[in-house]
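Peer 1: I'd like to ask you about the structure that follows.
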Amino acid sequence: MADPSQNSSPGPTGSTPPSWSNPLSDSPAPAAPKANPIPNFPSIPYPSDSDKKIREVAEKVNHPDVIQMLDNIKNNLFGNAEKIELIAQGWASNTSMVDSRTEIQHATEKLSGYWSGPAYNQYSAYAADVTGAFDTDQSAIAAMGTTLGNCVSIVYNTYAAIVRFIGNTAADLVNAAANVLITLIPGVGELEASNALQATIDILTGFIRNCTDLLSSAVEQFGQYKGTAIGFTASAAGFKQLTPLPDQIGNPGSWHVNPAG
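According to our numbering, the sequence shown is numbered sequentially starting from 16.
This is the structure in C-alpha coordinates:
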(Lines of atoms letter the chains of each structure in order from A and count residues from 1; the text may use other names and numbers.)
(Lines give C-alpha, C1' and ligand atoms only; values in the text may rest on other atoms or scores of the structure.)
Protein backbone atom coordinates (compact mmCIF):
# COMPACT_ATOMS: atom_id res chain seq x y z
CA MET A 1 0.00 0.00 0.00
CA ALA A 2 1.31 3.47 -0.83
CA ASP A 3 2.27 5.41 2.26
CA PRO A 4 -0.41 8.10 2.77
CA SER A 5 2.28 10.40 4.17
CA GLN A 6 3.73 10.73 0.68
CA ASN A 7 0.47 12.14 -0.74
CA SER A 8 0.17 15.90 -0.95
CA SER A 9 -2.02 16.70 2.02
CA PRO A 10 -4.48 19.66 1.71
CA GLY A 11 -4.45 20.27 5.44
CA PRO A 12 -6.06 19.08 8.66
CA THR A 13 -9.58 17.84 9.11
CA GLY A 14 -12.18 20.11 7.63
CA SER A 15 -10.13 21.12 4.61
CA THR A 16 -10.64 19.92 1.08
CA PRO A 17 -10.67 16.08 1.20
CA PRO A 18 -7.61 14.36 -0.27
CA SER A 19 -8.04 13.31 -3.87
CA TRP A 20 -6.79 9.75 -3.60
CA SER A 21 -8.62 6.53 -4.26
CA ASN A 22 -9.84 3.77 -1.97
CA PRO A 23 -6.95 3.07 0.45
CA LEU A 24 -7.31 -0.65 -0.16
CA SER A 25 -7.07 -0.44 -3.92
CA ASP A 26 -3.29 -0.28 -4.08
CA SER A 27 -2.58 -2.63 -1.20
CA PRO A 28 -0.46 -5.64 -2.09
CA ALA A 29 -2.30 -8.88 -2.73
CA PRO A 30 -2.01 -11.53 -0.01
CA ALA A 31 1.12 -13.58 -0.42
CA ALA A 32 0.63 -16.84 -2.26
CA PRO A 33 1.18 -19.99 -0.20
CA LYS A 34 4.85 -20.84 -0.09
CA ALA A 35 5.86 -23.79 -2.22
CA ASN A 36 6.34 -26.89 -0.14
CA PRO A 37 9.58 -28.74 -0.82
CA ILE A 38 9.13 -32.26 -2.13
CA PRO A 39 11.50 -34.51 -0.22
CA ASN A 40 13.27 -37.35 -1.94
CA PHE A 41 11.87 -40.37 -0.15
CA PRO A 42 14.03 -43.48 -0.03
CA SER A 43 12.39 -46.63 -1.29
CA ILE A 44 10.55 -48.46 1.46
CA PRO A 45 12.40 -51.69 2.28
CA TYR A 46 10.56 -54.95 1.90
CA PRO A 47 11.92 -58.27 3.24
CA SER A 48 11.89 -60.12 -0.08
CA ASP A 49 14.03 -63.03 1.13
CA SER A 50 11.81 -63.66 4.13
CA ASP A 51 8.73 -63.32 1.91
CA LYS A 52 10.14 -65.94 -0.44
CA LYS A 53 10.85 -68.38 2.40
CA ILE A 54 7.31 -68.06 3.77
CA ARG A 55 5.80 -68.59 0.31
CA GLU A 56 7.85 -71.73 -0.27
CA VAL A 57 6.74 -73.30 2.99
CA ALA A 58 3.11 -72.19 2.53
CA GLU A 59 2.99 -73.88 -0.87
CA LYS A 60 4.44 -77.11 0.52
CA VAL A 61 1.87 -77.35 3.30
CA ASN A 62 -0.98 -76.08 1.09
CA HIS A 63 -1.67 -72.83 2.97
CA PRO A 64 -2.85 -70.39 0.22
CA ASP A 65 -4.17 -67.83 2.73
CA VAL A 66 -0.58 -67.03 3.65
CA ILE A 67 0.34 -66.32 0.04
CA GLN A 68 -2.73 -64.10 -0.39
CA MET A 69 -1.81 -62.17 2.75
CA LEU A 70 1.75 -61.64 1.51
CA ASP A 71 0.46 -60.43 -1.86
CA ASN A 72 -1.86 -57.97 -0.15
CA ILE A 73 0.89 -56.64 2.11
CA LYS A 74 3.44 -56.29 -0.67
CA ASN A 75 1.15 -54.72 -3.27
CA ASN A 76 -1.49 -52.79 -1.35
CA LEU A 77 -0.65 -52.05 2.26
CA PHE A 78 1.74 -49.13 1.85
CA GLY A 79 -0.28 -47.63 -0.99
CA ASN A 80 0.43 -43.94 -1.64
CA ALA A 81 1.53 -43.13 1.89
CA GLU A 82 4.41 -41.02 0.58
CA LYS A 83 2.03 -38.93 -1.54
CA ILE A 84 -0.34 -38.48 1.40
CA GLU A 85 2.62 -37.36 3.48
CA LEU A 86 3.39 -34.66 0.92
CA ILE A 87 -0.23 -33.51 1.02
CA ALA A 88 -0.16 -33.46 4.82
CA GLN A 89 3.00 -31.35 4.75
CA GLY A 90 1.33 -28.97 2.32
CA TRP A 91 -1.64 -28.44 4.62
CA ALA A 92 0.40 -28.23 7.82
CA SER A 93 2.92 -25.73 6.43
CA ASN A 94 0.45 -23.52 4.56
CA THR A 95 0.75 -20.04 6.06
CA SER A 96 -1.31 -18.08 3.54
CA MET A 97 -3.85 -17.03 6.18
CA VAL A 98 -1.14 -15.96 8.61
CA ASP A 99 0.72 -14.03 5.91
CA SER A 100 -2.45 -12.22 4.83
CA ARG A 101 -3.31 -11.40 8.42
CA THR A 102 0.15 -9.90 8.97
CA GLU A 103 -0.11 -7.73 5.85
CA ILE A 104 -3.49 -6.37 6.91
CA GLN A 105 -2.14 -5.58 10.37
CA HIS A 106 0.82 -3.72 8.87
CA ALA A 107 -1.49 -1.75 6.58
CA THR A 108 -3.69 -0.79 9.52
CA GLU A 109 -0.69 0.35 11.54
CA LYS A 110 0.52 2.53 8.66
CA LEU A 111 -2.88 4.15 8.25
CA SER A 112 -3.23 4.85 11.96
CA GLY A 113 -0.23 7.17 11.88
CA TYR A 114 -1.69 9.53 9.30
CA TRP A 115 -5.44 9.10 9.04
CA SER A 116 -8.62 9.25 11.10
CA GLY A 117 -12.28 9.88 10.44
CA PRO A 118 -15.30 7.70 9.57
CA ALA A 119 -13.55 5.88 6.73
CA TYR A 120 -10.56 4.97 8.88
CA ASN A 121 -12.85 3.77 11.68
CA GLN A 122 -14.75 1.55 9.28
CA TYR A 123 -11.53 0.23 7.82
CA SER A 124 -10.16 -0.62 11.28
CA ALA A 125 -13.33 -2.49 12.23
CA TYR A 126 -13.36 -4.31 8.90
CA ALA A 127 -9.69 -5.27 9.24
CA ALA A 128 -10.29 -6.67 12.73
CA ASP A 129 -13.16 -8.79 11.39
CA VAL A 130 -11.05 -10.11 8.52
CA THR A 131 -8.05 -11.01 10.67
CA GLY A 132 -10.31 -12.84 13.11
CA ALA A 133 -11.67 -14.93 10.24
CA PHE A 134 -8.14 -15.68 9.06
CA ASP A 135 -7.20 -16.98 12.52
CA THR A 136 -10.14 -19.39 12.55
CA ASP A 137 -9.51 -20.63 9.03
CA GLN A 138 -5.78 -21.09 9.66
CA SER A 139 -6.61 -23.41 12.57
CA ALA A 140 -8.78 -25.55 10.29
CA ILE A 141 -6.00 -25.75 7.69
CA ALA A 142 -3.42 -26.82 10.26
CA ALA A 143 -5.79 -29.41 11.73
CA MET A 144 -6.26 -31.01 8.32
CA GLY A 145 -2.50 -31.42 8.00
CA THR A 146 -2.35 -33.01 11.45
CA THR A 147 -5.08 -35.51 10.63
CA LEU A 148 -3.48 -36.53 7.34
CA GLY A 149 -0.17 -36.88 9.16
CA ASN A 150 -1.80 -39.21 11.68
CA CYS A 151 -3.14 -41.37 8.85
CA VAL A 152 0.34 -41.60 7.33
CA SER A 153 1.72 -42.57 10.73
CA ILE A 154 -0.76 -45.44 10.96
CA VAL A 155 0.35 -46.75 7.57
CA TYR A 156 4.05 -46.57 8.44
CA ASN A 157 3.60 -48.15 11.88
CA THR A 158 1.40 -50.95 10.55
CA TYR A 159 3.76 -51.61 7.67
CA ALA A 160 6.77 -51.71 9.99
CA ALA A 161 5.05 -54.13 12.37
CA ILE A 162 4.04 -56.46 9.55
CA VAL A 163 7.51 -56.38 8.02
CA ARG A 164 8.78 -57.42 11.45
CA PHE A 165 6.25 -60.27 11.51
CA ILE A 166 7.44 -61.43 8.10
CA GLY A 167 11.05 -61.55 9.24
CA ASN A 168 10.26 -63.32 12.50
CA THR A 169 7.96 -65.81 10.79
CA ALA A 170 10.61 -66.68 8.23
CA ALA A 171 13.12 -67.26 11.05
CA ASP A 172 10.65 -69.49 12.90
CA LEU A 173 10.03 -71.48 9.73
CA VAL A 174 13.76 -72.05 9.28
CA ASN A 175 13.88 -73.53 12.77
CA ALA A 176 10.80 -75.62 12.08
CA ALA A 177 12.35 -76.89 8.85
CA ALA A 178 15.37 -78.06 10.83
CA ASN A 179 13.04 -80.06 13.05
CA VAL A 180 11.38 -81.59 10.00
CA LEU A 181 14.78 -82.69 8.72
CA ILE A 182 15.46 -84.36 12.05
CA THR A 183 12.29 -86.41 11.64
CA LEU A 184 13.72 -87.83 8.43
CA ILE A 185 16.56 -89.46 10.33
CA PRO A 186 16.01 -93.21 10.65
CA GLY A 187 14.66 -94.13 14.03
CA VAL A 188 12.70 -90.94 14.59
CA GLY A 189 9.04 -91.76 15.09
CA GLU A 190 6.00 -90.82 13.02
CA LEU A 191 4.62 -88.76 15.91
CA GLU A 192 7.66 -86.49 15.90
CA ALA A 193 7.25 -85.93 12.16
CA SER A 194 3.59 -85.05 12.61
CA ASN A 195 4.42 -82.64 15.43
CA ALA A 196 7.06 -80.90 13.33
CA LEU A 197 4.61 -80.46 10.46
CA GLN A 198 1.94 -79.14 12.81
CA ALA A 199 4.42 -76.66 14.26
CA THR A 200 5.04 -75.31 10.76
CA ILE A 201 1.32 -74.92 10.12
CA ASP A 202 0.88 -73.20 13.49
CA ILE A 203 3.59 -70.70 12.62
CA LEU A 204 1.87 -69.82 9.35
CA THR A 205 -1.53 -69.60 11.03
CA GLY A 206 -0.08 -67.31 13.69
CA PHE A 207 1.34 -65.10 10.96
CA ILE A 208 -2.09 -64.74 9.37
CA ARG A 209 -3.68 -63.98 12.73
CA ASN A 210 -1.13 -61.35 13.71
CA CYS A 211 -1.27 -59.58 10.35
CA THR A 212 -5.07 -59.61 10.36
CA ASP A 213 -5.18 -58.10 13.85
CA LEU A 214 -2.81 -55.32 12.82
CA LEU A 215 -4.72 -54.54 9.64
CA SER A 216 -8.04 -54.53 11.49
CA SER A 217 -6.69 -52.14 14.10
CA ALA A 218 -5.39 -49.85 11.36
CA VAL A 219 -8.78 -49.85 9.62
CA GLU A 220 -10.49 -48.90 12.88
CA GLN A 221 -8.15 -45.96 13.40
CA PHE A 222 -8.59 -44.87 9.81
CA GLY A 223 -12.33 -44.87 10.46
CA GLN A 224 -11.86 -42.54 13.41
CA TYR A 225 -9.73 -40.15 11.39
CA LYS A 226 -12.19 -40.32 8.52
CA GLY A 227 -14.90 -39.18 10.90
CA THR A 228 -12.67 -36.31 11.95
CA ALA A 229 -12.10 -35.41 8.31
CA ILE A 230 -15.86 -35.17 7.80
CA GLY A 231 -15.88 -32.64 10.62
CA PHE A 232 -13.19 -30.68 8.79
CA THR A 233 -15.34 -30.68 5.68
CA ALA A 234 -18.11 -29.11 7.71
CA SER A 235 -15.63 -26.56 9.05
CA ALA A 236 -14.52 -25.71 5.53
CA ALA A 237 -18.14 -25.17 4.55
CA GLY A 238 -18.36 -22.75 7.45
CA PHE A 239 -15.36 -20.68 6.42
CA LYS A 240 -16.37 -17.10 7.00
CA GLN A 241 -17.43 -15.22 3.89
CA LEU A 242 -16.03 -11.74 4.07
CA THR A 243 -18.54 -8.93 3.69
CA PRO A 244 -18.07 -6.21 1.05
CA LEU A 245 -16.04 -3.19 2.03
CA PRO A 246 -18.14 -0.54 3.80
CA ASP A 247 -19.06 2.39 1.56
CA GLN A 248 -17.30 5.01 3.66
CA ILE A 249 -13.91 3.42 2.97
CA GLY A 250 -14.20 4.36 -0.69
CA ASN A 251 -15.23 7.94 0.04
CA PRO A 252 -12.17 10.27 0.02
CA GLY A 253 -14.04 12.85 2.04
CA SER A 254 -14.39 10.43 4.94
CA TRP A 255 -10.63 10.15 5.35
CA HIS A 256 -9.22 12.89 7.55
CA VAL A 257 -5.53 13.69 7.74
CA ASN A 258 -4.16 13.75 11.26
CA PRO A 259 -2.62 17.10 12.19
CA ALA A 260 1.16 17.13 12.01
CA GLY A 261 3.09 16.91 15.27
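All C-beta atoms, glycine included, are put in the ideal place defined by N, C-alpha and C.
(1) Our contact map puts Gly164 next to Ala103 with C-beta atoms below 8 Å; I'd like the distance itself, whole angstroms only.
(2) So which of Ile69, Ser139, Trp270, Gln153 has the shortest CA-CA distance to Met112?
(3) For Pro79, report the span of its alpha helix (DSSP H) as first-last.
(4) Would you identify the three-state DSSP class for Val234, choosing helix, strand or coil?
(5) Could you tell me if His271 is buried or exposed, where buried requires 16 or more neighbouring beta carbons within 10 angstroms of its beta carbon?
(6) Roughly how many angstroms lie between the CA atoms of Gly238 and Thr220, to the nearest whole one?
(7) Where does Ile119 land, buried or exposed, given buried means 16+ other C-beta within 10 angstroms?
(8) Quick one: what does DSSP say Trp106 is sitting in, helix, strand or coil?
(9) Please classify Val189: does DSSP put it in a helix, a strand, or coil?
(10) What number of angstroms, rounded off, separates the C-alpha of Ala107 from the C-alpha of Gly128?
(11) Look at Arg116 and Asp150 and say whether their C-beta atoms are less than 8 Å apart.
(12) Report the partner residues of Val272 according to the DSSP bridge assignment.
(13) Return yes when the Cβ of Phe93 is within less than 8 Å of the Cβ of Val170, no when it is not.
(14) Closest by CA to His121, which one among Lys68, Ala142, Asn136?
(15) Straight-line CA distance for Ala47 to Ser168?
(16) Assess contact between the stretch 123-140 and the stretch 210-229, defined as three or more Cβ pairs (one per stretch) separated by less than 8 Å. Is contact present?
(17) Looking only at its own chain, which residues have a Cβ that is under 7 Å from the Cβ of Asn225, when we skip the five neighbours before and after it?
(18) Apply the 10 Å Cβ neighbour rule to Leu188 and answer buried if 16 or more other Cβ atoms are within range, or exposed otherwise.
(19) Taking only three categories from DSSP, how would you classify Thr258?
(20) Under DSSP, the alpha helix (DSSP H) around Val72 begins and ends at which residues?
Peer 2: On the basis of the supplied data:
(1) The residue you call residue 164 lines up with position 149 of the sequence shown. The residue you call residue 103 lines up with position 88 of the sequence shown. That pair is a contact at about 4 Å.
(2) As a first step, residue 112 is located in the sequence shown; it is residue number 97 there, counting from the start. Selected option, being the one with the closest Cα: Gln153.
(3) Stepping through the sequence shown from its first residue, residue 79 is reached at position 64. Looking at the DSSP string, the run of the alpha helix (DSSP H) that includes Pro79 is 79-87.
(4) Looking up residue 234 in the sequence shown gives position 219. Residue state, collapsed to three classes: helix.
(5) As a first step, residue 271 must be located in the sequence shown, where it is residue number 256. The residue is buried, with at least 16 neighbouring Cβ atoms inside 10 Å.
(6) One-based indexing of the sequence shown puts residue 238 at position 223. One-based indexing of the sequence shown puts residue 220 at position 205. Going from the Cα of Gly238 to the Cα of Thr220 covers about 27 Å.
(7) For this step, residue 119 is matched to residue 104 along the sequence shown. Flag for Ile119 reads buried.
(8) Residue 106 sits at position 91 when you count from the first residue of the sequence shown. Correct three-state label for Trp106: helix.
(9) Locating residue 189 in the sequence shown gives position 174, counting from the first residue. Here Val189 sits in helix by DSSP.
(10) Counted from its first residue, the sequence shown places residue 107 at position 92. Counted from its first residue, the sequence shown places residue 128 at position 113. The alpha-carbon atoms of Ala107 and Gly128 are separated by roughly 36 Å.
(11) On the sequence shown, residue 116 is found 101 positions in, with the first residue counted as 1. On the sequence shown, residue 150 is found 135 positions in, with the first residue counted as 1. Yes, Cβ-Cβ distance for Arg116 and Asp150 is below 8 Å.
(12) For the purposes of this step, residue 272 is identified with residue 257 of the sequence shown, where counting begins at 1. Val272 is bridged to Trp130.
(13) Position 155 of the sequence shown, counted from the first residue, corresponds to residue 170. Position 78 of the sequence shown, counted from the first residue, corresponds to residue 93. In this structure, Phe93 lies closer than 8 Å to Val170 by Cβ.
(14) The residue you call residue 121 lines up with position 106 of the sequence shown. Out of Lys68, Ala142, Asn136, Ala142 has the C-alpha closest to the C-alpha of His121.
(15) The sequence position of residue 47 within the sequence shown is 32, counting from 1. The sequence position of residue 168 within the sequence shown is 153, counting from 1. Below a pLDDT of 50, predicted positions are generally treated as unreliable, and Ala47, at 40, falls in that range; no measurement from the model is reported.
(16) These segments do not touch.
(17) The sequence position of residue 225 within the sequence shown is 210, counting from 1. Result list for Asn225: Phe180, in chain order.
(18) To locate residue 188, count along the sequence shown from 1; it is residue 173. Flag for Leu188 reads buried.
(19) Indexing the sequence shown from 1 puts residue 258 at position 243. Coil at Thr258, not helix or strand.
(20) For the purposes of this step, residue 72 is taken as the residue at position 57 of the sequence shown. From DSSP, the alpha helix (DSSP H) with Val72 extends over 63-75.
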